[in-house]
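Residue numbers (the numbering used here): 303 to 1129.
We treat Cβ as the ideally placed atom computed from N, Cα and C, and that holds for glycine.
Everything on this sheet refers to the single structure shown next.
This is how it looks when you write it as C-alpha cells:
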C-alpha cells in the first residue's frame, strides 16, 4: 500500500497480488478511489450474470401452438434496437402472458425478468427482487428499486416483462425514462401506455385450438376436438380448462361440446358485448362440469374454497386470508387447492403464498351463488374481511384498521351486482343488509381519508341512505359520511347531511339506555365540528360541540380519540388559537404512532400519520416555524409518493403544503414548482374540489414575483375564487382569503387607476369588516385594512388621510396576529 499527497487530498492505492490466479476467486473487482479525511473503502462492481426468472410463476405447457405470426412479430420488435417497448393487448385469458413469455424465452438477452405489474407496490417489489438477484443491493441498503432502475437505465441488453398492467401512470417513475433494453407489457386495455408499439390478440384459430385440445388432453379425436374448440370460441383459458376435464375424466370431446349452447360466431356476434356474453355462458357451463367432477371425486373442500375466492378480487387472494375465511388448516388448504390447480381453475404464484381464480370461472361460480340464494357465503366473507376492524365498525377505528388488501377485496365484493341482488331481497333486519351497510361505511371512509377519493363513498352512501328509516343508526352514520365526502365539492349539501346526521344520532343516544352509541355519537360530532371550521355559522353551536367532545374524549378508544383530537386541532386553527390547535394535532399524532398497527406495512395507520404531518405543517407555517413546516410537509409528501406513486391526488395535496413551506424558507420561486406540479396532477384526474382551488390559489400567489411575469396569476386566482365560492360559499374564510389574494394581484398587475374593480370585488368583505357583530379573524381584518389603505392611496389627495387611518388600524393588529393566513400564505 502506498500513500501520496496531491492537492491537499490523500490517495490510497490498493495493490492486490495473487500468487495463483484462479478466475473463480476473482469475483469482487475493485477500483482506485480518491479518499478524503481518514475514511477507507472500495466500490464493488457486480460480476456479469445471466439472470432469467421468466417461467417462474407462469403456468407452462410443453407445446406452444398457434400465434406464429404474432410471435415472430414480437421477436422482431424485441430484437429491434429502435423499439424500446411493446404492449400486448387482449381480453383476460386470451394468452397475452403466454405469448410474451414464449417470445422472450427465444429472444437473445443476458437478463430477462418478469414482474407482476397489477399495482405500484408489486412493481416496486419486483424491482427489489431483481436488484437482489443481480447482486446490486447491499444488505445494508434498502433502496433496491432505485439501484435496479439505475442499472436498467445504463445496461445494454435486457428484457423486462410487465405482466397484467392496470395503469402505467401508477409506476412511470419506477421505469427508466430512457434505456437500451426492451420492455414487454401485457394489458387488457391501453391504460395510459406510453408511446410504444402494440399488438392485439384475439381467439385462437379453429385448427390451432383443436390441436391444443388434443395435446393437452392426451387424446386424438380431430372431429370432436374441432366441435369443442368451436363451442369454446377459441378462448385459450377455456380450452385449457376443458382439456383438463377431458384428461381427468371419461368425457369425450363431442359429448362435452354438446353441453354448450349452439351459438354461431357471426359478424354481429363478434362485437365486444356479444363476445363477453358468450364467454360468460362458456364459464357457466365449464363450472357446472367442473363442479360435478369435483363432487364425484369427493373434493367438497375444493368447491367451498373456490366459492369463497369467487367473491374476492380476481387479482389474487393470499393463502392466509383464504385460510382465515374457510377455517382450513394448512394441510386441508393444500388438499383443497391442489385439484383446482390441476384443473386450471386457479393459478398459484411461484411461492405458493397466493392463488388467482380466473374471471371465466369466477363469473360462473358467483352466478350459481345468486341463483341458489346463498347469502350465508357472502355474510361469512364480509365478516372475515371486517374482522380486523372489530365489532363496532361505525366509528373511525374502521378507517384506521382497514388494510389496503382488505380494501381491495371489500371494494370488489361491495361493487358486485351479485351482492346487490342478494341485499335487495333482504329486509332491514337482515344480517346481510346490516353487514353490507357497515362494510360500505368502513371502505368508503378509507377511500376518502386515505386515498382522497370521495366518489366511492358518495355513490355508495347515496344508494345506502335510501334503504334505511330516518330514525335508524344506519341512516345517521350514512348521513355523516355523506357530509364528509361532499364537503370538498358541495358545501351546501354537506351542511344538510351534517344536520341530518347530528339530529338523528343525538335522538338515538337520548333514547338509548345503554352507552354503546357513545363512539358513534362522538364521531358524528367530531365530523360536524371539522366541517364547521372556517364556516360563517352559529358560533354558539360550534362551542357546544367542542364542550361535548372535550367532556367525552377521555372515555374513547385510541382511534376515535385521535379523530376527535384532529377535529379539535382544525377548529382551533381557524379560531387563531394556535397553541391549542398544535397540542391537539400532536396528541393525535402521538396516539397514532403508539398504535400497534403503526408498524404494519399494509395498514392505513401510516397514511393517517402522514395526514397529521400535513396538519402540523400548516400550523408551523402559521406560527412562523418555516423549517419545521417544510420538514413535516416533505415527510408527508414522501410517504404518499411511496404508497400511491408520484401522480396520485393524495400526494398532490401534500405538495401544496410543501410548496407553501418552501416558499417561506427559500422564496416564492422555490415554492411555485411544487404547487404547479400539484395543479397538473389534479387537472389530469379532473379534480374539481377545494384541493384544486388551493393549488390554483398558491400558484397564482407565487407567480406574482418578478421572475414569473409571463404567467397569469390573476387568471389562476379568479378560477380559484369561483371554485371556492361554488363549493364553500362566499363567506367561508378560505373564499375570503382567495378574494384578498386576487385583489392584491389586480393591484399589482392592472392599471393603478382601475382600483374601482378591486373595491367592487371586496365590497361585501369591507362591509363585514366595519360591522360590529362580525367576527372575522384578525389576520383577515389586517389584510383587508391594508388593501383598503392601498386603494385610497391612489385616489385624490383628500383620500390620503383615510388611507393613513386604515394603515394605522392594520398596524395595530399586526403584533396580535401570528397566524397570517388559513392556507399559510404570508403577505
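Same chain, Cβ closer than 6 Å to residue i, five either side skipped, listed in chain order
i, result
"residue 562", "533 and 587"
"residue 570", "Unreliable positioning characterises residue 570 in this predicted model, as indicated by a pLDDT of 43, which lies under 50. The coordinate reading is nonetheless provided below. Cβ within range, chain order: n/a, list empty."
"residue 287", "This structure gives no information on residue 287, because the portion of the chain shown stretches from 303 to 1129."
"residue 581", "none"
7 Å Cβ shell around residue i - same chain, five flanking residues per side excluded
i, result
"residue 965", "972, 973 and 1004"
"residue 478", "451, 454 and 455"
"residue 759", "746, 747, 749, 750, 783 and 787"
"residue 942", "912, 950, 952, 953 and 956"
"residue 373", "401, 404 and 405"
"residue 889", "867"
Spatial distance of residue i from residue j (CA atoms)
i, j, result
"residue 1086", "residue 1068", "7 Å"
"residue 491", "residue 1091", "59 Å"
"residue 399", "residue 732", "44 Å"
"residue 990", "residue 1025", "8 Å"
"residue 921", "residue 585", "57 Å"
"residue 633", "residue 539", "28 Å"
"residue 515", "residue 955", "54 Å"
"residue 360", "residue 505", "Low confidence applies to residue 360: its pLDDT is 48, below 50, so where it sits in the model is not reliable, and the reading given next is rough at best. Computed Cα separation, rounded: 20 Å."
"residue 1089", "residue 1048", "11 Å"
"residue 800", "residue 831", "10 Å"
"residue 1030", "residue 834", "11 Å"
"residue 984", "residue 403", "37 Å"
"residue 820", "residue 705", "25 Å"
"residue 711", "residue 908", "20 Å"
"residue 768", "residue 738", "14 Å"
"residue 792", "residue 678", "39 Å"
"residue 970", "residue 384", "42 Å"
"residue 855", "residue 1093", "48 Å"
"residue 735", "residue 409", "54 Å"
"residue 945", "residue 1104", "55 Å"
"residue 392", "residue 771", "46 Å"
Residue burial classification, residue i (beta-carbon count within 10 angstroms, cutoff 16)
i, result
"residue 719", "exposed"
"residue 1023", "buried"
"residue 1083", "buried"
"residue 867", "buried"
"residue 602", "exposed"
"residue 692", "exposed"
"residue 898", "exposed"
"residue 1102", "exposed"
"residue 466", "buried"
"residue 525", "exposed"
"residue 713", "buried"
"residue 914", "buried"
"residue 967", "exposed"
Range covered by the alpha helix (DSSP H) that runs through residue i
i, result
"residue 644", "632-644"
"residue 624", "621-628"
"residue 533", "524-533"
"residue 1029", "1015-1029"
"residue 402", "398-408"
"residue 650", "Element bounds for residue 650: not the alpha helix (DSSP H) but the beta strand (DSSP E), 648-650."
"residue 488", "Premise fails: residue 488 lies in the beta strand (DSSP E), 484-489, not in any alpha helix (DSSP H)."
"residue 1005", "Per DSSP, residue 1005 belongs to no alpha helix (DSSP H) and is neither H nor E."
"residue 656", "Run containing residue 656: none in the alpha helix (DSSP H); it sits in the beta strand (DSSP E), 656-659."
Extent of the continuous beta strand (DSSP E) to which residue i belongs
i, result
"residue 415", "413-418"
"residue 502", "499-502"
"residue 460", "460-467"
"residue 245", "This structure cannot speak to residue 245, because the chain is shown only from 303 to 1129."
"residue 1064", "Element bounds for residue 1064: n/a, residue is neither H nor E."
"residue 1131", "Outside the displayed span of the chain (303 to 1129) sits residue 1131, for which this structure offers no information."
Cβ shell of residue i (< 8 Å), same chain only, five flanking positions each side left out
i, result
"residue 644", "546 and 550"
"residue 579", "none"
"residue 473", "419, 422, 425, 426 and 947"
"residue 690", "703, 704, 705 and 708"
Within-8 Å CB hit, residue i to chain B
i, result
"residue 505", "Structure shown: chain B not included; a single protein chain is present."
- Item | Contact between the region 821-829 and the region 844-858 (3+ Cβ pairs under 8 Å) | yes
- Counting pairs of Cβ atoms below 8 Å between the region 925-941 and the region 775-788, do you hit three or more? no
- Task: Say whether the region 620-633 touches the region 681-693, bearing in mind that this needs 3 or more beta-carbon pairs closer than 8 Å, one atom from each stretch.
- Result: yes
- Count the CB pairs spanning the region 666-678 and the region 870-881 that are closer than 8 Å, and state whether there are at least three. no
- Query: Can you find at least 3 beta carbon pairs, one from the region 607-615 and one from the region 421-438, that sit closer than 8 Å?
  - Reply: no
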